[in-house]
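**Student:** Convert by adding 175 to the 1-based position in the sequence shown; the result is the number in the working numbering. All C-beta atoms, glycine included, are put in the ideal place defined by N, C-alpha and C.
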Amino acid sequence: MTERARQRDALIELVRRGGVAREQRAQAARLAGVYPTLAQWRVFADRALLLLGVLAMAASLSFFIAYNWAELGRVGKFVLVQLALFAAVLAGLRLGPARLPGRVSLLAASILVGVMLALFGQTYQSGADPWQLFFVWAVLITPWVWVSRFALHGLLWLGLLNLALILAHDQSAGLAQQILHGQTAVVVAIFCLNAGVLCVAESRLARSRLAHRWVLRLVALAAGIAVTTLAIFALFDPRTASGWLVLWLAWCVLSWRGYYARDLFMLAGLCLSIGVVVTSWIGRFLLDDANALALFVMAMLIIAQGAAAAAWLRQRYRAGVS
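1) With the cut-off set at 8 Å, would you say Gly-271 and Leu-281 are in Cβ contact?
2) In angstroms with no decimal places, state the Cα-to-Cα distance between Arg-493 and Leu-439.
3) Spatial neighbours of Leu-330 within its chain, please: C-beta separation below 6 Å, excluding the five flanking residues on both sides.
4) Short check: CB of Leu-342 to CB of Pro-305, under 8 Å?
5) If you count every other CB in all the chains shown that lies within 10 Å of the CB of Asn-466, and 16 or more means buried, which is it?
6) Using a Cβ-Cβ cut-off of 8 Å (strictly less than) and excluding sequence neighbours within five positions of Leu-287, which residues of its own chain qualify?
7) Mind checking Ser-378: buried by the 16 CB within 10 Å criterion, or exposed?
8) Under the three-state reduction of DSSP, which class applies to Phe-471: helix, strand or coil?
9) What's the call for Ile-478, buried or exposed, on a 16-neighbour Cβ count within 10 Å?
10) Output the boundary residues of the alpha helix (DSSP H) element that contains Tyr-242.
11) Need the endpoints of the alpha helix (DSSP H) that Leu-445 sits in, please.
12) Given this structure, state the Cα-to-Cα distance separating Arg-432 from Leu-292, to the nearest angstrom.
13) In angstroms, rounded to a whole number, what distance separates the CA positions of Ala-360 and Ala-220?
14) Thr-454 and Leu-476 - do their beta-carbons sit closer together than 8 Å?
15) How is Arg-324 classed by DSSP in three states: helix, strand or coil?
16) Can you give me the Cβ contacts of His-344 inside the same chain, cut-off strictly under 7 Å, excluding the 5 residues immediately before and after it?
17) Can you tell me whether Tyr-210 is buried or exposed? The criterion is at least 16 other CB atoms within 10 Å of its CB, across all chains shown.
18) By the DSSP assignment, the alpha helix (DSSP H) with Ser-430 in it spans what residues?
19) With Val-496 and Arg-437 assumed to form a contact (beta carbons below 8 Å), what rounded beta-carbon distance in angstroms separates them?
20) Asn-466 by DSSP, collapsed to three states: which one?
21) According to DSSP, is Tyr-492 part of a helix, a strand, or is it coil?
22) Can you tell me whether DSSP reads Asp-345 as helix, strand or coil?
23) Can you tell me whether Thr-317 is buried or exposed? The criterion is at least 16 other CB atoms within 10 Å of its CB, across all chains shown.
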């Protein structure tokens with residue numbers, strides 16, 4: 176838990192016990208550092224406007240080309256995108272990938288790579304499948320993602336790979352579909368990708384102690400949804416390998432051991448995953464007839480699980496987990 180969070184909790188507890196008069200609570204909150212200062216708001220606004228402005232410029236280029244498609248001509252469209260791409264890369268190099276403006280410039284360059292690929296495919300009708308576009312896009316921007324070490328940049332890269340996996344599954348039924356039944360193939364691939372990225376990111380975090388926790392939480396959320404889906408498949412579909420339940424149990428154990436003392440969001444996701452699987456397993460037996468008693472029991476089960484999870488998470492929060 177951060178120092179500001181500790182100060183906030185101490186102030187809330189003091190107010191709850193009546194130790195601070197009502198007219199002095201706002202002043203106490205300012206002295207405790209609960210509210211952001213004017214300087215902090217300025218830094219936030221500066222960074223937010225920089226990011227939104229650069230992204231808006233990159234998006235406006237694609238809109239401009241689409242609106243003036245016939246007037247620009249084939250050469251004009253490519254020259255315009257290439258000039259913008261060159262300017263973004265040059266700005267990223269001159270500003271430096273260690274600074275936020277340089278990182279945002281490289282992010283804009285990565286977006287323009289996608290615009291270039293889409294323009295190439297639309298102009299020359301290469302016949303490539305959509306998943307190949309997103310996969311090649313992710314591969315081409317990988318060096319910039321590695322150099323910038325920017326959270327949004329990495330999230331863009333991982334999102335492209337996830338989208339490529341989903342589109343590839345929808346368009347082909349290859350060896351993976353022969354080995355794994357139904358939708359299991361793409362869910363396994365999504366879980367392996369996101370869990371692998373999460374493990375690498377957490378190992379680097381252990382060494383550097385620097386990370387954007389919200390990005391790791393999004394990656395863990397994607398992996399957790401995938402492995403929970405596999406567990407539900409194993410419960411309801413006899414053609415699905417029961418080993419996915421073992422994989423889900425391993426995920427739960429590793430999540431508990433890894434985040435028990437340091438991340439409340441991850442523990443909340445773990446509780447949700449367990450609740451979904453347990454509810455699905457019991458509902459498999461109770462909801463065959465769908466009578467009123469079975470629905471009542473299921474409702475009470477969900478309420479009890481939610482109350483138990485809330486009590487446990489509150490205990491972990493009081494123990495200093497944030």
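**Tutor:** Inspection of the coordinates gives the following:
1) Taking the sequence shown and counting its residues from 1, one reaches residue 271 at position 96. Taking the sequence shown and counting its residues from 1, one reaches residue 281 at position 106. No, Cβ-Cβ distance for Gly-271 and Leu-281 is not below 8 Å.
2) One-based indexing of the sequence shown puts residue 493 at position 318. One-based indexing of the sequence shown puts residue 439 at position 264. Approximately 11 Å between the Cα atoms of the pair.
3) In the sequence shown, residue 330 corresponds to position 155, counting from 1. Excluding residues within five positions, the ones whose Cβ falls inside 6 Å are Val-390.
4) Position 167 of the sequence shown, counting from 1, holds the residue named residue 342. Position 130 of the sequence shown, counting from 1, holds the residue named residue 305. Yes. Within cutoff.
5) Walking along the sequence shown from the start, residue 466 turns up at place 291. Result: exposed.
6) By 1-based counting over the sequence shown, the position of residue 287 is 112. The residues are Ala-233, Leu-236, Val-256, Ala-259, Leu-260, Ala-263.
7) Position 203 of the sequence shown holds residue 378. Ser-378 is exposed by the Cβ-count criterion.
8) By 1-based counting over the sequence shown, the position of residue 471 is 296. Under the three-state reduction of DSSP output, Phe-471 falls in the helix class.
9) As a first step, residue 478 is located in the sequence shown; it is residue number 303 there, counting from the start. Ile-478 comes out exposed.
10) Numbered from its first residue, the sequence shown carries residue 242 at position 67. Counting along the chain, the alpha helix (DSSP H) containing Tyr-242 begins and ends at 213-242.
11) Here residue 445 refers to the residue found at position 270 of the sequence shown. Segment 439-461, the alpha helix (DSSP H) holding Leu-445.
12) For the purposes of this step, residue 432 is taken as the residue at position 257 of the sequence shown. For the purposes of this step, residue 292 is taken as the residue at position 117 of the sequence shown. Going by the C-alpha atoms only, they are around 43 Å apart.
13) Counting from 1 along the sequence shown, the entry for residue 360 is found at position 185. Counting from 1 along the sequence shown, the entry for residue 220 is found at position 45. For Ala-360 and Ala-220, the distance between alpha carbons rounds to 43 Å.
14) By 1-based counting over the sequence shown, the position of residue 476 is 301. By 1-based counting over the sequence shown, the position of residue 454 is 279. A contact, by the Cβ cut-off of 8 Å.
15) Your numbering for residue 324 matches position 149 in the sequence shown. In the structure shown, Arg-324 sits in coil (DSSP, three-state: anything other than H, G, I, E or B).
16) Residue 344 sits at position 169 when you count from the first residue of the sequence shown. Ala-360, Val-361, listed in sequence order.
17) In the sequence shown, the residue the question calls residue 210 occupies position 35. Around the C-beta of Tyr-210, fewer than 16 other C-beta atoms lie within 10 Å, and the residue is accordingly described as exposed.
18) Your numbering for residue 430 matches position 255 in the sequence shown. Counting along the chain, Ser-430 sits inside the alpha helix (DSSP H) bounded by residues 418-434.
19) To locate residue 496, count along the sequence shown from 1; it is residue 321. To locate residue 437, count along the sequence shown from 1; it is residue 262. Yes, they are in contact, since the Cβ atoms of Val-496 and Arg-437 sit about 6 Å apart, within 8 Å.
20) Position 291 of the sequence shown, counted from the first residue, corresponds to residue 466. Looking at Asn-466 - three-state DSSP - the assignment turns out to be coil, as it is neither helix nor strand.
21) Translated into the one-based positions of the sequence shown, residue 492 becomes position 317. Helix.
22) Counting from one through the sequence shown, the residue named residue 345 turns up at place 170. Reduced to three states, the DSSP call for Asp-345 is helix.
23) Looking up residue 317 in the sequence shown gives position 142. Residue environment: Thr-317 is assigned as exposed (fewer than 16 neighbouring CB atoms within 10 Å of its CB, all protein chains considered).
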